[in-house]
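Student: Let me give you the structure first, and then I'll get to my questions.
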Amino acid sequence: VSVAIFLVVGTFMVFCLAKFRHTGEVKRGENLPDQGHGSALVEIGLILVSVGLVGIMVLPTLQGIFWIGTLPPQENPLVIKVTGLQWWWRFEYPDQGVVTGNELAIPAGRPVKFELHTADVIHSFWVPRLGGKMDLMPGQDNWLWLEADPEMKDAVPLPEDSPYQGSYFYGQCAEFCGESHAFMRFRVLVLDDTNFQKWVEHQKSDAVSPATVAEDLGQQAFLKNQCASCHTIRGVKGAGGMVGPDLTHVGSRVSIAAGIMDNNVDNLIKWIHTPGYYKPGNIMYKTGYASKEEGGMGVQLSDDDVVNLAKYLYSLK
């Protein structure tokens, strides 16, 4: 569109310059054309047309502006506290006592108030299929509300092995926030009331215990290799870190690494082994705790540790 406008305007301007170019000199005393200063009728007409066009755009949207900025009356609205960090999301449900990372669930057909905060730089919370975006500003509290259509149009169905019946939408940080801005994504699960309550109760529960030798070795690797200093796994003594996402039920999530990889053992192995390849600049890569990449500083995991750790994390359904 911009190119088309440029070509039309530019072509017309070049035509006028060539067609009406003055030739020769203007001598003193030579009669010149009347030097008019415009037409009041034309100027007033253009002003009225401009005001009319602005009115056509503004007046119909006033109701929508107030509607977007006013939370619908609800006796018990669902409140979710959103915290943006480089480059992942923390979601807290203060009334339900739930904390999760990079994946949240909302009940279909019910307004949800999102309280938006940032722990570092400017981020922007955006779920394109549900509504507009809103910035997360340092030192400033912002909010917006969204409501998912019970019919869940354009939503992606949850995997068949999911413990819940419903669909999900893609979310994304919409404000450049550093080298892995493009990989700061999340998922919004849309569930009916029954499945949402099931999800809440499950999220409030502690993590399951290891059921196999590999999972037990993976838990040991998690605790002895500094993973627990950054991540929380509720129910596991010593695993209470707050630097990274809560991993209590990470195995039940649709994706890992803030929405950039499908959640399975193979991808968990790749993510733990080379996090800097998939998300440049992330803390795991910079500290080297879970990486064999050159230049890393900190604890190095063996290949067996990585495999066992991946199996343990995937078991945390």
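Going by the working numbering, the sequence shown opens with residue 6, and the numbers climb by one from there.
No residue lacks a Cβ here, since even glycine has one placed at the ideal position from N, Cα and C.
Going by DSSP, what residue range makes up the beta strand (DSSP E) through T88?
Tutor: 83 to 90
Student: CB-CB under 6 Å to G183, same chain, minus the five flanking residues each way: which ones, in chain order?
Tutor: Q91
Student: Helix or strand or just coil, what does DSSP make of T163?
Tutor: Note on residue identity: the sequence assigns Leu, not Thr, to residue 163. Coil.
Student: Mind checking G144: buried by the 16 CB within 10 Å criterion, or exposed?
Tutor: exposed
Student: In angstroms, rounded to a whole number, what distance separates the CA positions of L121 and N147?
Tutor: 5 Å
Student: Use the C-beta contact count for A9: other C-beta atoms within 10 angstroms, 16 or more gives buried, fewer gives exposed.
Tutor: exposed
Student: Since L151 and L135 should fall inside the 8 Å C-beta cutoff, what is the C-beta to C-beta distance between them, to a whole number of angstroms?
Tutor: 5 Å
Student: Only counting runs of 3 or more residues, tell me where the beta strand (DSSP E) segments fall wholly within the segment 155 to 219, in order along the chain.
Tutor: Counting only runs of at least 3 residues, the segment 155 to 219 fully encloses the following beta strand (DSSP E) elements, listed from N- to C-terminal order: 171 to 178, 190 to 196.
Student: Can you tell me whether K158 is buried or exposed, with buried defined as 16 or more other CB within 10 angstroms of its CB?
Tutor: exposed
Student: According to DSSP, simplified to helix, strand and coil, what is N147?
Tutor: Strand.
Student: So, for V161: in the same chain, excluding its five sequence neighbours on each side, which residues have a beta-carbon less than 7 Å away from its beta-carbon?
Tutor: S172, Y173
Student: Could you pull the start and end residues of the beta strand (DSSP E) that I238 belongs to?
Tutor: For I238, there is no enclosing beta strand (DSSP E), as DSSP marks it with neither H nor E.
Student: Can you check DSSP and say which residues form a bridge with A110?
Tutor: L194
Student: Assuming the contact rule is C-beta atoms closer than 8 Å, A315 and I265 should be a hit. Round their C-beta distance to whole Å, please.
Tutor: Incorrect: roughly 16 Å between the Cβ atoms, too far for contact.
Student: Under 9 Å between the Cβ atoms of Y317 and G243?
Tutor: no
Student: Tell me the DSSP secondary structure of S257 in three-state form.
Tutor: helix
Student: How many angstroms separate the CA atom of R239 from the CA atom of G245?
Tutor: Going from the Cα of R239 to the Cα of G245 covers about 7 Å.
Student: To the nearest angstrom, how far is it from the Cα of G286 to the Cα of E97?
Tutor: Pairing G286 with E97, the inter-Cα distance amounts to about 25 Å.
Student: Would you kindly check if the distance between the Cβ of G256 and the Cβ of K322 is under 9 Å?
Tutor: yes
Student: In or out: S44 buried (at least 16 other Cβ within 10 Å) or exposed?
Tutor: exposed
Student: Where V84 and A179 are concerned, what is the direct C-alpha to C-alpha distance, given to the nearest angstrom?
Tutor: 22 Å
Student: Which two residues bound the contiguous alpha helix (DSSP H) that contains M62?
Tutor: 45 to 73
Student: Locate the alpha helix (DSSP H) running through M142, then write down its first and last residues.
Tutor: No alpha helix (DSSP H) holds M142; DSSP gives it neither H nor E.
Student: Rank G74, E220, A124 by C-alpha distance to the C-alpha of W86 and give the top, closest one.
Tutor: Per the sequence presented here, residue 86 reads as Lys, with Trp not at that position. The residue with the shortest Cα to Cα distance from K86 is A124.
Student: What residue from E206, S185, Y169 has the CA that sits closest to N200's CA?
Tutor: Y169
Student: Could you pull the start and end residues of the alpha helix (DSSP H) that T123 belongs to?
Tutor: Counting along the chain, T123 falls outside any alpha helix (DSSP H), though it belongs to the beta strand (DSSP E) covering 117 to 123.
Student: Let me make sure I understand the geometry here. Which of A113, L67, R190, R115 has the alpha-carbon closest to that of H128?
Tutor: R190
Student: CB-CB under 8 Å to E299, same chain, minus the five flanking residues each way: which ones, in chain order?
Tutor: Because E299 carries a pLDDT of 45, less than 50, the predicted location of this residue cannot be relied on, and the following value inherits that uncertainty. For E299, where only same-chain residues beyond five positions count, there are no Cβ hits under 8 Å.
Student: Is DSSP giving S129 helix, strand or coil here?
Tutor: Strand at S129.
Student: Which word fits Q17, buried or exposed, when buried means at least 16 other C-beta atoms lie within 10 angstroms of its C-beta?
Tutor: According to the sequence displayed, residue 17 carries Phe and not Gln. F17 comes out exposed.
Student: Smallest Cα separation from L194: which of W93, K203, A187, D140?
Tutor: K203
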